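Protein chains: 2
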Amino acid sequence: MITKEQTNVEAQAIQAKKASKTLSILTTEEKNKALHAIADQIEANWEEILKANELDLIKGREAGYEEAFMDRLSLTKERVSEFANGLREVASLDDPTGIVQSDWTLDNGLQVQKVTVPLGVIGMIYEARPNVTVDATGLALKSGNSIVLKGGSSAIESNKKIVEVMKEGLLNTRIPKDAIQFIASTDRKATNALFTMKEHIDVLIPRGGGSLIQAVVNNATVPVLETGVGNCHIYIDESAEVDQAISILMNAKTDRPAVCNAVETVIVHETWLNAHKEALIQALQENGISVHGDKLAVEAIPGATEAKEADWAEEYLSKHIAVKVVADVIEAIEHIEVYGTKHSEAIISEDLQNVDLFMKLVDAAALYHNASTRFTDGGALGFGAEIGISTQKLHARGPMGLPALTTIKFQMKGTGQVR
Amino acid sequence: MITKEQTNVEAQAIQAKKASKTLSILTTEEKNKALHAIADQIEANWEEILKANELDLIKGREAGYEEAFMDRLSLTKERVSEFANGLREVASLDDPTGIVQSDWTLDNGLQVQKVTVPLGVIGMIYEARPNVTVDATGLALKSGNSIVLKGGSSAIESNKKIVEVMKEGLLNTRIPKDAIQFIASTDRKATNALFTMKEHIDVLIPRGGGSLIQAVVNNATVPVLETGVGNCHIYIDESAEVDQAISILMNAKTDRPAVCNAVETVIVHETWLNAHKEALIQALQENGISVHGDKLAVEAIPGATEAKEADWAEEYLSKHIAVKVVADVIEAIEHIEVYGTKHSEAIISEDLQNVDLFMKLVDAAALYHNASTRFTDGGALGFGAEIGISTQKLHARGPMGLPALTTIKFQMKGTGQVR
Numbered sequence: 001m002i003t004k005e006q007t008n009v010e011a012q013a014i015q016a017k018k019a020s021k022t023l024s025i026l027t028t029e030e031k032n033k034a035l036h037a038i039a040d041q042i043e044a045n046w047e048e049i050l051k052a053n054e055l056d057l058i059k060g061r062e063a064g065y066e067e068a069f070m071d072r073l074s075l076t077k078e079r080v081s082e083f084a085n086g087l088r089e090v091a092s093l094d095d096p097t098g099i100v101q102s103d104w105t106l107d108n109g110l111q112v113q114k115v116t117v118p119l120g121v122i123g124m125i126y127e128a129r130p131n132v133t134v135d136a137t138g139l140a141l142k143s144g145n146s147i148v149l150k151g152g153s154s155a156i157e158s159n160k161k162i163v164e165v166m167k168e169g170l171l172n173t174r175i176p177k178d179a180i181q182f183i184a185s186t187d188r189k190a191t192n193a194l195f196t197m198k199e200h201i202d203v204l205i206p207r208g209g210g211s212l213i214q215a216v217v218n219n220a221t222v223p224v225l226e227t228g229v230g231n232c233h234i235y236i237d238e239s240a241e242v243d244q245a246i247s248i249l250m251n252a253k254t255d256r257p258a259v260c261n262a263v264e265t266v267i268v269h270e271t272w273l274n275a276h277k278e279a280l281i282q283a284l285q286e287n288g289i290s291v292h293g294d295k296l297a298v299e300a301i302p303g304a305t306e307a308k309e310a311d312w313a314e315e316y317l318s319k320h321i322a323v324k325v326v327a328d329v330i331e332a333i334e335h336i337e338v339y340g341t342k343h344s345e346a347i348i349s350e351d352l353q354n355v356d357l358f359m360k361l362v363d364a365a366a367l368y369h370n371a372s373t374r375f376t377d378g379g380a381l382g383f384g385a386e387i388g389i390s391t392q393k394l395h396a397r398g399p400m401g402l403p404a405l406t407t408i409k410f411q412m413k414g415t416g417q418v419r
Numbered sequence: 001m002i003t004k005e006q007t008n009v010e011a012q013a014i015q016a017k018k019a020s021k022t023l024s025i026l027t028t029e030e031k032n033k034a035l036h037a038i039a040d041q042i043e044a045n046w047e048e049i050l051k052a053n054e055l056d057l058i059k060g061r062e063a064g065y066e067e068a069f070m071d072r073l074s075l076t077k078e079r080v081s082e083f084a085n086g087l088r089e090v091a092s093l094d095d096p097t098g099i100v101q102s103d104w105t106l107d108n109g110l111q112v113q114k115v116t117v118p119l120g121v122i123g124m125i126y127e128a129r130p131n132v133t134v135d136a137t138g139l140a141l142k143s144g145n146s147i148v149l150k151g152g153s154s155a156i157e158s159n160k161k162i163v164e165v166m167k168e169g170l171l172n173t174r175i176p177k178d179a180i181q182f183i184a185s186t187d188r189k190a191t192n193a194l195f196t197m198k199e200h201i202d203v204l205i206p207r208g209g210g211s212l213i214q215a216v217v218n219n220a221t222v223p224v225l226e227t228g229v230g231n232c233h234i235y236i237d238e239s240a241e242v243d244q245a246i247s248i249l250m251n252a253k254t255d256r257p258a259v260c261n262a263v264e265t266v267i268v269h270e271t272w273l274n275a276h277k278e279a280l281i282q283a284l285q286e287n288g289i290s291v292h293g294d295k296l297a298v299e300a301i302p303g304a305t306e307a308k309e310a311d312w313a314e315e316y317l318s319k320h321i322a323v324k325v326v327a328d329v330i331e332a333i334e335h336i337e338v339y340g341t342k343h344s345e346a347i348i349s350e351d352l353q354n355v356d357l358f359m360k361l362v363d364a365a366a367l368y369h370n371a372s373t374r375f376t377d378g379g380a381l382g383f384g385a386e387i388g389i390s391t392q393k394l395h396a397r398g399p400m401g402l403p404a405l406t407t408i409k410f411q412m413k414g415t416g417q418v419r
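Laid out in structure tokens, this is it:
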């Protein structure tokens with residue numbers, strides 16, 4: 001049965017597709033002008049946006065959401081300005097479309113060009129944070145794509161207002177306002193309707209918790225760019241320098257525990273643990289970290305509780321850590337093979353042979369030698385902005401900037417060539 | 001309920017995954033040696049292979065398969081030698097892995113490298129042709145991937161023998177024989193089991209007819225590289241040169257009508273048709289092409305039957321063609337938007353503005369100006385070999401050579417960097 005939600009969502013997706021055609025032939029300058037216009041409009045309407053945000057906050061307090069959640073949801077004049085500046089930054093980035101990746105001429109004279117072009121329509125399915133509404137729209141438009149936004153219901157009033165303001169911003173620009181579509185229905189059927197709209201939507205990008213991402217991956221026939229669940233490991237090898245190992249581990253665990261590139265399990269070489277356990281215990285205690293360890297870890301670390309099978313797969317996103325003790329780098333690699341999510345994995349070691357094995361055999365988007373996993377981030381790596389961090393292998397892997405929102409066309413120019 | 005087929009297929013996929021780890025650390029030379037060893041083994045065992053093939057041919061004749069099908073199925077000593085030479089050619093191509101696509105150093109000294117690596121395990125689901133068994137295996141191994149092969153049941157004896165011989169060929173090489181897995185069960189459940197094995201299989205590549213491809217696309221949670229259904233169009237613009245237009249059209253229709261880059265619909269500008277209909281009619285008749293036209297086409301072309309709605313979407317793969325008459329390039333583009341399969345589309349025109357619109361607005365892997373659609377082919381474009389032609393937009397689009405079978409890793413080397 002076709003529901004009202006499906007019909008509405010389809011109508012919006014069709015509008016987005018139509019607008020994407022206009023978008024695809026605009027110049028870089030025209031797109032940049034539009035991004036600046038949206039940015040200005042957002043800044044000019046900060047009070048309106050905060051008013052709408054207040055409605056979400058009232059609902060959120062009534063629902064008793066946690067503090068961290070409310071913090072991500074709540075906007076201020078400064079945060080709204082950051083949204084606008086984010087758009088201006090995206091405007092300043094290189095246009096990822098129209099780039100000739102390679103060109104050659106066949107013996108018969110046929111000229112072949114492989115050129116980057118927009119994907120078309122991007123479907124963004126995300127949870128609470130209203131900044132995603134602005135960031136994703138900026139990246140989509142800059143790369144010549146329309147966007148269909150489906151945000152979480154807890155930010156619905158903020159998102160609705162932000163989208164309204166962004167569309168107003170497009171009024172005197174060459175980008176049609178239909179290039180931004182916001183799905184206002186909070187019915188799950190509205191989200192599900194996006195999953196199979198292959199004709200109108202070119203790619204779905206889910207951003208949020210594991211269950212949201214799995215729902216999209218398992219049910220969508222539209223191609224998906226899978227983002228972000230990070231069960232990241234740091235392996236401390238026998239030869240690791242103590243201070244370096246502990247400094248990296250503490251940074252990766254405590255700098256921002258709730259993000260996907262934070263470490264969740266530390267794998268420690270048995271010999272290293274025996275030699276340096278005092279320093280490790282002290283650092284864990286000073287930073288208030290709760291340890292879930294295997295048998296050897298529990299014996300070595302006071303206050304550690306025994307890890308259950310589920311702990312090895314857990315993305316704690318808080319000051320908890322699982323500790324596994326191993327006999328060598330191969331055992332560490334095998335543990336990561338079983339429990340890792342192919343996001344970011346680090347080895348701390350002075351043994352270059354072990355480092356080489358780790359780099360080659362661990363299957364993940366980002367591998368680190370003697371550095372914190374926290375660098376897996378478009379901003380930190382100098383991409384300028386990111387639409388998410390891909391944990392899949394096709395199309396884009398790791399932090400995804402503007403190029404991830406493009407595809408290619410082979411353009412052939414001939415003078416009557418036949419085979 | 002878990003069936004016996006699922007269990008067996010999973011066991012094979014796990015073996016393939018394990019072998020892929022060994023494969024991923026081999027040198028280019030080691031991989032090339034193994035490809036040559038397989039090639040030699042295939043050539044040495046041509047009689048065995050033909051004997052197995054004869055069993056398939058007997059079954060095929062009993063089942064009353066068409067001649068074209070039997071032709072694709074049947075092997076000769078020469079064809080078997082071509083298989084071997086194909087493998088030697090793949091050995092001669094550049095290794096697509098280990099290529100540093102970009103590298104840079106952050107201000108804090110962290111060195112970042114974006115390096116190409118194998119995907120891991122490739123699941124190949126294909127129909128009758130036994131050459132795919134060899135070609136796909138060669139491309140997978142060269143790019144450092146294991147392969148799980150699921151061929152059509154009509155070629156089962158040929159494929160089984162070919163795989164057996166290829167595995168024998170690996171005996172004294174560094175590639176483990178488990179890197180090649182052949183699913184011998186002809187139960188559909190065995191194929192379906194591959195669809196959801198995300199842990200063990202990194203990508204599925206379906207090659208064959210539309211229904212096979214759709215079954216994979218609609219049911220797989222493993223990422224899919226969608227290949228090949230081509231409902232290709234040639235648009236003959238008002239300004240098209242007559243001889244060129246007709247020569248290109250006839251080539252695209254008659255050179256090899258059964259392949260995906262053959263043309264299925266010609267869209268003709270009304271004015272051009274009125275001016276040049278005699279030449280067009282003569283060419284169609286001389287080449288024995290049956291026409292399914294819209295109203296104007298039926299009026300203009302003797303013997304044409306009226307096209308049904310289904311004709312516009314039909315991949316005839318034979319000497320039939322649909323003919324649509326339009327008033328301008330925009331109408332042509334809109335027709336392709338509705339019925340095209342994003343494969344190969346051509347415009348024959350001397351009007352560069354119309355050409356530009358066509359190139360920008362038509363959403364397809366390959367766009368042609370004044371040339372035949374038949375060039376959408378890895379061999380013809382100089383890729384050396386292809387695993388299929390992608391009609392999707394993510395990861396790889398158009399003919400897919402060795403690089404399509406790789407992904408990237410970010411490899412970071414630090415000296416204790418934290419955020």
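Residue numbers (full-length UniProt numbering), protein chains in the order written: chain D, 1 to 419; chain B, 1 to 419. Glycine included, each C-beta is placed from N, C-alpha and C at the ideal position. Owing to the predicted nature of the structure, the values given are computational and were not obtained by experimental measurement.
### Query
Cβ of residue 342 of chain D less than 7 Å from any chain B Cβ?
no
### Task
Compute the Euclidean distance between the alpha carbons of residue 328 of chain B and residue 270 of chain B, then round it to the nearest angstrom.
8 Å
### Query
What do you get for residue 133 of chain D, buried or exposed, if any count of 16 or more other CB atoms within 10 angstroms of its CB means buried?
So residue 133 of chain D counts as buried.
### Message
So for residue 400 of chain B, helix, strand or coil by DSSP?
### Response
strand
### Query
Quick one: which chain B residues come within Cβ less than 8 Å of residue 218 of chain D?
Neighbours of residue 218 of chain D on chain B, chain order: 221.
### Task
Verify whether the separation of the beta carbon atoms of residue 378 of chain B and residue 401 of chain B is less than 7 Å.
yes
### Message
Just verifying my parser: in three-state terms, what is the DSSP assignment at residue 113 of chain D?
### Response
Strand at residue 113 of chain D.
### Task
Answer with buried or exposed for residue 431 of chain D, where buried requires no fewer than 16 other C-beta atoms within 10 angstroms of its C-beta.
The first residue shown for chain D is 1 and the last is 419, placing residue 431 of chain D beyond what the model contains.
### Message
At the 7 Å Cβ level, is residue 205 of chain B part of the contact set with chain D, yes or no?
### Response
Look at residue 205 of chain B: its C-beta is not under 7 Å from any C-beta on chain D.
### Query
What is the rounded straight-line gap between the Cα of residue 272 of chain B and the Cα of residue 208 of chain B?
36 Å
#### Entry: Interface positions of the stretch 279-305 of chain B facing chain D (Cβ-Cβ less than 8 Å), listed along the chain
none
### Query
So with Cβ pairs under 7 Å, would you call residue 102 of chain D a contact of chain B?
Chain B places no beta carbon closer than 7 Å to that of residue 102 of chain D, leaving this residue out of the contacts.
### Top-ranked residue by Cα proximity to residue 362 of chain B, from D/104, D/44, D/63 and D/118
D/118
#### Entry: Selected residue, minimal CA-CA separation from residue 389 of chain D, among D/407, D/366 and D/410
D/366
### Message
Quick check on DSSP: helix, strand or coil for residue 47 of chain B?
### Response
helix
### Message
Please state whether the Cβ-Cβ distance between residue 35 of chain D and residue 138 of chain D is less than 7 Å.
### Response
yes
### Message
Can you list, in chain order, the residues of its chain with a C-beta nearer than 7 Å to that of residue 15 of chain D? Leave out the 5 residues immediately preceding and following it.
### Response
178 and 181
### Task
Could you check how far apart the C-beta atoms of residue 24 of chain B and residue 144 of chain B are, in whole angstroms? I think they sit under 8 Å.
5 Å
### Task
Please state whether DSSP places residue 197 of chain B in a helix, a strand or coil.
coil
### residue 393 of chain D: first and last residue of the uninterrupted alpha helix (DSSP H) it sits in
It is not in any alpha helix (DSSP H) - residue 393 of chain D carries neither H nor E in the DSSP assignment.
### Task
Would you please verify whether the beta carbon of residue 111 of chain B is less than 7 Å from any beta carbon of chain D?
no
### Helix, strand or coil at residue 342 of chain B [DSSP, three-state]
Collapsing the DSSP output to three states places residue 342 of chain B in coil.
### Task
Provide the residue(s) that pair with residue 182 of chain B in DSSP beta bridges, ordered along the chain.
Looking at the DSSP output, residue 182 of chain B bridges to B/149.
### Query
Which two residues bound the contiguous alpha helix (DSSP H) that contains residue 429 of chain B?
Lying before the first or after the last residue shown, residue 429 of chain B is absent from chain B, which here runs from 1 to 419.
### Any C-beta of chain B under 7 Å from that of residue 156 of chain D
no
### Message
Please tell me whether, using a cut-off of 6 Å, the distance from the CB of residue 37 of chain B to the nearest non-hydrogen atom of the ligand HEM is below it.
### Response
Looking for the ligand HEM in the displayed structure turns up nothing, as the structure carries no ligands at all.
### Task
Using a Cβ-Cβ cut-off of 7 Å, state whether residue 105 of chain D counts as contacting chain B.
Closer than 7 Å: no.
### Top-ranked residue by Cα proximity to residue 120 of chain B, from D/384, D/355 and D/342
D/342
### Task
Step through the CB atoms of chain D and report whether any lies within less than 7 Å of the CB of residue 366 of chain B.
yes
### Task
Find the residues of chain B that neighbour residue 380 of chain D, judging by a C-beta separation of less than 8 Å, and give them in chain order.
Contact of residue 380 of chain D with chain B by beta-carbon distance below 8 Å involves 106 and 419.
### Message
Which of the three DSSP states is assigned to residue 174 of chain B in this structure?
### Response
coil
### Euclidean distance between Cα positions of residue 371 of chain B and residue 259 of chain B
17 Å
### Message
Does chain D have any CB closer than 7 Å to the CB of residue 358 of chain B?
### Response
no
### Task
Could you pull out every residue in the same chain whose Cβ sits closer than 8 Å to the Cβ of residue 85 of chain D, ignoring the five residues on either side in sequence?
39
### Query
Does the stretch 182-195 of chain B come close enough to the stretch 92-110 of chain B that 3 or more CB-CB pairs lie under 8 Å?
no
### Query
Is the stretch 41-60 of chain B close to the stretch 74-92 of chain B, with three or more CB pairs under 8 Å?
The stretch 41-60 of chain B vs the stretch 74-92 of chain B: in contact.
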